[in-house]
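The next block holds one structure in the form of structure tokens; read it before the comments.
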Amino acid sequence: MSNQTAESTEVDPIFIDKARQLVKHLEDDNEVEANRLLHELSSEYSSNLFSELGKLTREFHDALNSFRHDAQISQLSEDEFVDARDRLNYVITMTQNAADRTLTAVEKSVPLCDQLEERGEMVARKWKRFMARDMSATEFRELAREIGDFLELNHTDATQLKVHLNDVLMAQDYQDLTGQIIRRVIELVQSVEDSLVDLIKISGRDMSEPANDTKKESNTLEGPQIAGKESSTAVTSQDDVDDLLSSLGF
9 MSNQTAESTE VDPIFIDKAR QLVKHLEDDN EVEANRLLHE LSSEYSSNLF SELGKLTREF
69 HDALNSFRHD AQISQLSEDE FVDARDRLNY VITMTQNAAD RTLTAVEKSV PLCDQLEERG
129 EMVARKWKRF MARDMSATEF RELAREIGDF LELNHTDATQ LKVHLNDVLM AQDYQDLTGQ
189 IIRRVIELVQ SVEDSLVDLI KISGRDMSEP ANDTKKESNT LEGPQIAGKE SSTAVTSQDD
249 VDDLLSSLGF
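Following the numbering used here, the numbering of the sequence shown begins with 9 at its first residue and continues without gaps.
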């Protein structure tokens, strides 16, 4: 991990050499050469920043496209999954539905278990009397009838319990899909975070400039288009984004 940090922060030897030349020109009062080197360093700095911005845009764009067109997930409903927020909302809905199904199945199962326990204790008490020879013939015939009813009811209740347990099991099938969705969102956020951190390291200073609202340059990047206010120079589709990034070398 320390090696990776060292590599990411290593300064270009050419840059160091130019910086030393700049210091020398300043010490020699050579203003012309100092200004020339400053211009070169500024151009290289801007070029690196532009390159990283392009890489960030390409990675973010490709990650979003991959996320939107995931074959297994997108088959569920194309309209439900517009973006990561909707996908996470979908995860919440699936989790809530699974919790409701599980609680319902448990609530239905508890009374069945209580009945099984109660009937079992009753039959067990009478069976102990029979084994101790403390039971008349009439009571034994009654016990035999109760054992028959007990076995029949146990079979019915056990079948119903099996149904409820299967409901609990089936309610957990959401975890595979929601796990995939959450992992994809985490990967997307992590990718953007890493790229932004790298960008901040490269910039190293405040690049903000006063906004000029009176004039819009022809090469200004456009934002999302609003119906009725489209710009002829704006990017209007995913293919346009791909073409733009490719034309810039990313």
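Beta carbons are placed, not taken as given, at the ideal position from N, Cα and C, and that holds for glycine.
In this text, all values refer to a predicted model and were calculated from it rather than measured experimentally.
Quiz item: The alpha helix (DSSP H) spanning D157 covers which residue range?
Solution: Within the sequence shown, numbered from 1, the residue matching residue 157 stands at position 149. Where D157 is concerned, the enclosing alpha helix (DSSP H) stretches over A145 to A179.
Self-check item: Three-pair Cβ contact test at 8 angstroms for the segment 89-106 versus the segment 159-166
Solution: no
Quiz item: Where V118 and L111 are concerned, what is the direct C-alpha to C-alpha distance, given to the nearest angstrom?
Solution: Locating residue 118 in the sequence shown gives position 110, where the first residue counts as 1. Locating residue 111 in the sequence shown gives position 103, where the first residue counts as 1. V118 and L111: Cα-Cα distance of roughly 11 angstroms.
Quiz item: Which stretch, first to last residue, makes up the alpha helix (DSSP H) that contains D122?
Solution: To locate residue 122, count along the sequence shown from 1; it is residue 114. From DSSP, the alpha helix (DSSP H) with D122 extends over A92 to M139.
Self-check item: Residue environment, P21, which counts as buried when at least 16 other CB atoms sit within 10 Å
Solution: As a working mapping, residue 21 is identified with position 13 in the sequence shown. The residue is exposed, with fewer than 16 neighbouring Cβ atoms inside 10 Å.
Quiz item: Does the beta-carbon of I190 have 16 or more other beta-carbons within 10 angstroms, so that it is buried, or is it exposed?
Solution: As a first step, residue 190 is located in the sequence shown; it is residue number 182 there, counting from the start. Exposed, because fewer than 16 other Cβ atoms sit within 10 Å of the Cβ of I190.
Quiz item: Shortest alpha-carbon distance to E125 belongs to which of H33, R93 and F158?
Solution: Here the question's residue 125 lines up with position 117 in the sequence shown. Closest by alpha carbon: F158.
Quiz item: Do you know how far the Cα of E115 is from the Cα of R109?
Solution: For this step, residue 109 is matched to residue 101 along the sequence shown. For this step, residue 115 is matched to residue 107 along the sequence shown. Taking the straight line from one Cα to the other gives about 10 angstroms.
Quiz item: In terms of alpha-carbon separation, which member of E129, T186, A152 and S51 lies closest to D94?
Solution: Translated into the one-based positions of the sequence shown, residue 94 becomes position 86. Out of E129, T186, A152 and S51, T186 has the C-alpha closest to the C-alpha of D94.
Quiz prompt | Pairwise C-alpha distance: N43 and E195 | solution = Here residue 195 refers to the residue found at position 187 of the sequence shown. Here residue 43 refers to the residue found at position 35 of the sequence shown. Going by the C-alpha atoms only, they are around 44 angstroms apart.
Exercise. In angstroms with no decimal places, state the Cα-to-Cα distance between A145 and E160.
Key: On the sequence shown, residue 145 is found 137 positions in, with the first residue counted as 1. On the sequence shown, residue 160 is found 152 positions in, with the first residue counted as 1. Taken atom to atom, the span from the alpha-carbon of A145 to that of E160 is near 23 angstroms.
Quiz prompt | Pick from D122, I24 and E147 that is closest to L46, judged by C-alpha positions | solution = By 1-based counting over the sequence shown, the position of residue 46 is 38. The residue with the shortest Cα to Cα distance from L46 is I24.
Self-check item: Residue from Q123, F148 and E67 whose Cα sits closest to the Cα of D202
Solution: The residue given as residue 202 occupies position 194 in the sequence shown. Ranking Q123, F148 and E67 by Cα distance to D202 puts E67 first.
Quiz item: Considering only residues of the same chain and omitting the five flanking positions on each side of V193, which have a CB-CB separation below 7 angstroms?
Solution: Within the sequence shown, numbered from 1, the residue matching residue 193 stands at position 185. Annotation for V193: A92, R95 and L96 place their beta carbon closer than 7 angstroms to its own, counting only its chain and skipping 5 residues before and after.
Self-check item: Cα-Cα separation between V176 and D70, rounded to whole angstroms
Solution: What you label residue 176 is simply residue 168 of the sequence shown in a count that begins at 1. What you label residue 70 is simply residue 62 of the sequence shown in a count that begins at 1. Approximately 38 angstroms between the Cα atoms of the pair.
Quiz item: Measuring CB to CB, does L120 end up less than 7 angstroms from L64?
Solution: Residue mapping note: residue 120 aligns to position 112 of the sequence shown, counting from 1. Residue mapping note: residue 64 aligns to position 56 of the sequence shown, counting from 1. The answer is no: Cβ separation not under 7 angstroms.
Quiz item: CA-CA distance, N105 and D184?
Solution: Locating residue 105 in the sequence shown gives position 97, counting from the first residue. Locating residue 184 in the sequence shown gives position 176, counting from the first residue. Roughly 15 angstroms between the two C-alpha positions.
Exercise. Spatial neighbours of L30 within its chain, please: CB distance less than 8 angstroms, with the 5 preceding and 5 following residues excluded, ordered by chain position.
Key: As a working mapping, residue 30 is identified with position 22 in the sequence shown. Excluding positions up to five away in sequence, the list reads A42, L45, L46 and L49.
Quiz item: Rounded to a whole number of angstroms, what is the C-alpha to C-alpha distance between A152 and D122?
Solution: To locate residue 152, count along the sequence shown from 1; it is residue 144. To locate residue 122, count along the sequence shown from 1; it is residue 114. Taken atom to atom, the span from the alpha-carbon of A152 to that of D122 is near 22 angstroms.
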